[in-house]
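Same order as they appear, the protein sequences are chains W and E.
Residues in the first sequence are numbered from 8 upward in steps of one, following this note's numbering.
Residues in the second sequence are numbered from 19 upward in steps of one, following this note's numbering.
Backbone N, C-alpha and C define an ideal beta-carbon position, used for all residues, glycine too.
Below is one structure, written out as structure tokens; comments come after it.
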Amino acid sequence: MRHLLPWLAGGLVALAVPFVVTNSYLFHLIIIAVIWSILATSLNLVLGFTGLLSLAHGAFFGLGAYTSALLVTKADWNFWATIPPAMAVAAAFGAVLGLLTLRLSGHYFAISTLSFGIVVSLVLEKWDDLTEGPRGISSIPAPSPINLFGWGEISLESNAAKYYLSLLTLALCLLFVWRLVRSPIGRAFEAIRQNELLASCLGVDLVFYKLLAFALSAAMAGLAGVLYGVYITYINPIDAGLWNGFYAVMYIVIGGVGTFAGPIVGTLFLVTLPELLRTFQDYRLLLLGVLLILTMTFLPQGIVGGLRTLRQRWVAR
Amino acid sequence: MMAGESLVDLRGVTKAFGGLVAVRNVTLLVQPGEIFSVIGPNGSGKSTLFNLISGVLPPSSGSIHLLGRETKGLGPHRVARLGVSRTFQTTQVFAEKTVLENVLAGRHLHVRTGLWSAQLRTRFFHAEEMRHRDRALEILHVVGLAARADQRAGEVPNALQGRVAIGMALANEPALLLLDEPTGGLMENEVLELMDLLRRIRDRGVTIMLIEHKMRLVRQVSDRIAVLNNGGMICEGKPDVVLNDERVVEAYLGTADAAAA
Chain W
8 MRHLLPWLAG GLVALAVPFV VTNSYLFHLI IIAVIWSILA TSLNLVLGFT GLLSLAHGAF
68 FGLGAYTSAL LVTKADWNFW ATIPPAMAVA AAFGAVLGLL TLRLSGHYFA ISTLSFGIVV
128 SLVLEKWDDL TEGPRGISSI PAPSPINLFG WGEISLESNA AKYYLSLLTL ALCLLFVWRL
188 VRSPIGRAFE AIRQNELLAS CLGVDLVFYK LLAFALSAAM AGLAGVLYGV YITYINPIDA
248 GLWNGFYAVM YIVIGGVGTF AGPIVGTLFL VTLPELLRTF QDYRLLLLGV LLILTMTFLP
308 QGIVGGLRTL RQRWVAR
Chain E
19 MMAGESLVDL RGVTKAFGGL VAVRNVTLLV QPGEIFSVIG PNGSGKSTLF NLISGVLPPS
79 SGSIHLLGRE TKGLGPHRVA RLGVSRTFQT TQVFAEKTVL ENVLAGRHLH VRTGLWSAQL
139 RTRFFHAEEM RHRDRALEIL HVVGLAARAD QRAGEVPNAL QGRVAIGMAL ANEPALLLLD
199 EPTGGLMENE VLELMDLLRR IRDRGVTIML IEHKMRLVRQ VSDRIAVLNN GGMICEGKPD
259 VVLNDERVVE AYLGTADAAA A
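This is the structure we're talking about:
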């Protein structure tokens, strides 16, 4: 149970954040980091645990955000009822993209997912009647209050409430990924990541398991998008574009590919760091690039992998 | 499978890569319970033959029946489902995983746990995980790796990694086991241990096809031997007959002295 201690500590700190962080801008960054941690965790399922480099996760994120926002603003759906269709739409696009591209390997696969991401944001931009085009969807209302049946209700108007909602979602997603990876299904994912030929000779249906990982991961990315929409209250086609997907890859690589904490650590680090170094704002991307190269060279397992090595050395002494 | 039917039934199997014919019109039958060796010089098509049988490559022509089923169009995972396991010439293991986890990965086709029982951690999930763990440990005892269960496969000495691969293959409870040069990199005494292991595996009812260069092993464990040369089968039969056949000596063994070695 000792390996749960850092999680427990992290969880307690996370619960205390709205009471401790008084700077509203910093609080905003933390909320964004939690939402992007969900996106990064979803990508980690395919990149870290199944070995597929997807650059389409920005698109799944955007598809989830748009589905929910359109249903709420144009069809007057209750926010909570939009979550399943938002996840389903993202998963369906993930499955279709997977069917088309999963027979490709390595770079070819990555490039096809990249093009898919471009297509999705272009369609969102040009399909004016449905999506309001480049103007995007604004004034997305806060989630409807949760009725406690006579015990009052929980309002989700405040940032603190949205923060806790995102945090709870992140925790559930982590639990989902953890239980999936630590199961026979996860062993099949892992086998595919390490050695596809060997995996298939052991009876692992490569296409089926890659599709499964991809669809589940896309659904989770869509869920992150839903939360993003209700927090920011405004989305546009850029949110479904390439950059969110690229950033998610970067967060994972720097935090630690294929570790459970890596996507969260990497996201927190990279979302808050550039803001703390405000003076370097113009050089933000340059700094990120350098950081990425340094990490891949010296910390192939990212920050979390590096910490793990340190601890092992400490224990060994 | 019908009684008396061959476990492996290849008819006129040919594999060409462009103009290069790697396997030429091979017809062979392997009976249940046999240890059947395939020998021949490097590049004679032995590994390609295994790739055809295990579904890694489709044949250019000819038919392959395994356990009475035509395997045309079946990928490796579907062939594995018929009860066929294999190892590779360059030993393939999941290096980052422990020896036990490697064997557990080999249990894949026997797993019934689905997404929801894994998510809800049902009683069924725990019972099944326990059962597979026990079975994997049994298999580690068979291949002599029980003491290394928790070591990473990549950190196990090379000579023993082959046994991890065999353990993984056995975990599928195969009817047919294809072993591609299992003695690669083994010392003399380790070869003897392996010979013993192969017999024990056969005695558990597993039919074995073996690609091998170590003639003493081949002579002692094989029920029958097929010899490939330039992709074609030049001879097939009992060890004493095949290893003394003139064509075999000429094509592969070189001199009569080498055959006796």
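Can you confirm whether E/V239, when its beta carbon is compared against all beta carbons of chain W, has any partner nearer than 9 Å? Position 221 of the second sequence holds residue 239 of chain E. No, E/V239 does not count as interfacial toward chain W.
Just list the beta strand (DSSP E) runs in the segment 192-230 of chain E, keeping only unbroken ones of 3 residues or longer that don't cross its boundaries, in chain order. 194-198, 225-229
Could you work out which residues of chain E lie near W/V311, taking near to mean beta carbons separated by less than 9 Å? Here the question's residue 311 of chain W lines up with position 304 in the first sequence. Simply none; closest approach about 16 Å.
Who are the near neighbours of E/S240 in its chain, counting only those whose CB is closer than 8 Å to its CB and skipping five residues on each side? Mapped onto the second sequence, residue 240 of chain E falls at position 222. Closer than 8 Å at the Cβ level, and outside the excluded window around E/S240, lie I53, F54, S55, L228, P257.
Looking at the secondary structure, which residues open and close the beta strand (DSSP E) in which E/K33 lies? Translated into the one-based positions of the second sequence, residue 33 of chain E becomes position 15. That run of the beta strand (DSSP E) goes 26-35.
Cβ shell of W/P148 (< 7 Å), same chain only, five flanking positions each side left out: Start at 1 with the first residue of the first sequence, and residue 148 of chain W comes out as number 141. Same-chain partners within the cutoff: V79.
Should E/E173 be flagged as near chain W, meaning a C-beta pair shorter than 9 Å? As a working mapping, residue 173 of chain E is identified with position 155 in the second sequence. For E/E173, the answer is no, since every Cβ of chain W falls outside 9 Å of its Cβ.
Are the Cβ atoms of W/L234 and W/S151 separated by less than 9 Å? As a position in the first sequence, residue 234 of chain W is number 227, starting the count at 1. As a position in the first sequence, residue 151 of chain W is number 144, starting the count at 1. Not a contact, by the Cβ cut-off of 9 Å.
Starting from E/D75, find everything on chain W with Cβ-Cβ shorter than 7 Å and list it in chain order. To locate residue 75 of chain E, count along the second sequence from 1; it is residue 57. Checking the sequence shown, residue 75 of chain E turns out to be Leu, not Asp. The contacting residues do not exist; E/L75 stays about 11 Å from chain W at best.
How would you call W/W134, buried or exposed, if buried means at least 16 neighbouring beta carbons within 10 angstroms? Position 127 of the first sequence holds residue 134 of chain W. Label assigned to W/W134: exposed.
Along the segment 69-94 of chain W, where does the CB come closer than 9 Å to a CB of chain E? Name the residues. none
Should W/E197 be flagged as near chain A, meaning a C-beta pair shorter than 9 Å? In summary, chain A is missing from the structure at hand, where the protein chains are W and E.
Counting only beta-carbon separations shorter than 9 Å, does W/N202 have a partner in chain E? Here residue 202 of chain W refers to the residue found at position 195 when the first sequence is read from its first residue. Yes, its Cβ sits closer than 9 Å to a Cβ of chain E.
Taking W/F68 and W/A231 to be in contact with their CB atoms under 8 Å, please state how far apart those CB atoms are, rounded to whole angstroms. Taking the first residue of the first sequence as position 1, residue 68 of chain W is located at position 61. Taking the first residue of the first sequence as position 1, residue 231 of chain W is located at position 224. Contact holds; Cβ gap of about 6 Å.
What's the gap between the Cα of E/R344 and the Cα of E/A177? With chain E running from 19 to 279 in the structure shown, residue 344 of chain E is simply not present.
Is there contact here, the segment 208-216 of chain W with the segment 111-128 of chain E, by at least three beta-carbon pairs under 8 Å? yes
W/F276 versus W/D136 - alpha carbon distance: Here the question's residue 276 of chain W lines up with position 269 in the first sequence. Here the question's residue 136 of chain W lines up with position 129 in the first sequence. Rounded to the nearest angstrom, the two C-alpha atoms are 39 Å apart.
Please state whether the Cβ-Cβ distance between W/R194 and E/E119 is less than 9 Å. To locate residue 194 of chain W, count along the first sequence from 1; it is residue 187. To locate residue 119 of chain E, count along the second sequence from 1; it is residue 101. Closer than 9 Å, so yes.
Is it buried or exposed, E/D198, if we count other Cβ atoms within 10 angstroms and call 16 or more buried? The count along the second sequence starts at 1 and reaches residue 198 of chain E at position 180. Answer is buried; the Cβ neighbour count reaches 16.
Using a C-beta cutoff of 9 Å, does W/G193 count as contacting chain E? Here the question's residue 193 of chain W lines up with position 186 in the first sequence. Yes, because at least one Cβ of chain E sits closer than 9 Å to the Cβ of W/G193.
By the three-class DSSP mapping on this structure, what secondary structure does W/P13 have? Taking the first sequence and counting its residues from 1, one reaches residue 13 of chain W at position 6. Correct three-state label for W/P13: helix.
Give the straight-line distance between the Cα atoms of E/V31 and E/V44, rounded to the nearest whole angstrom. Your numbering for residue 31 of chain E matches position 13 in the second sequence. Your numbering for residue 44 of chain E matches position 26 in the second sequence. Cα to Cα, the separation comes out at about 5 Å.
Taking 8 Å as the cut-off, does the segment 155-169 of chain E touch the segment 126-145 of chain E (at least 3 CB pairs, one atom from each stretch)? no
Name, please, each residue of chain W whose Cβ falls closer than 9 Å to the Cβ of E/Q110. As a first step, residue 110 of chain E is located in the second sequence; it is residue number 92 there, counting from the start. Per Cβ cutoff of 9 Å: N202, L204, L205, C208.
Confirm, please, whether the CB-CB distance from E/L212 to E/P2 is below 9 Å. Coverage of chain E is limited to positions 19 through 279, which leaves residue 2 of chain E absent and any answer about it impossible.
At a CB-CB cut-off below 9 Å, which residues of chain W make contact with E/K137? For the purposes of this step, residue 137 of chain E is taken as residue 119 along the second sequence, with counting starting at 1. A small fix is needed here, since residue 137 of chain E is Gln in this sequence, not Lys. The contacting residues are L182, F183, R186, L187, S190.
My output table needs one value for W/G232: the three-state DSSP class, helix, strand or coil. Translated into positions along the first sequence, residue 232 of chain W becomes position 225. DSSP places W/G232 in helix when its eight states are reduced to three.
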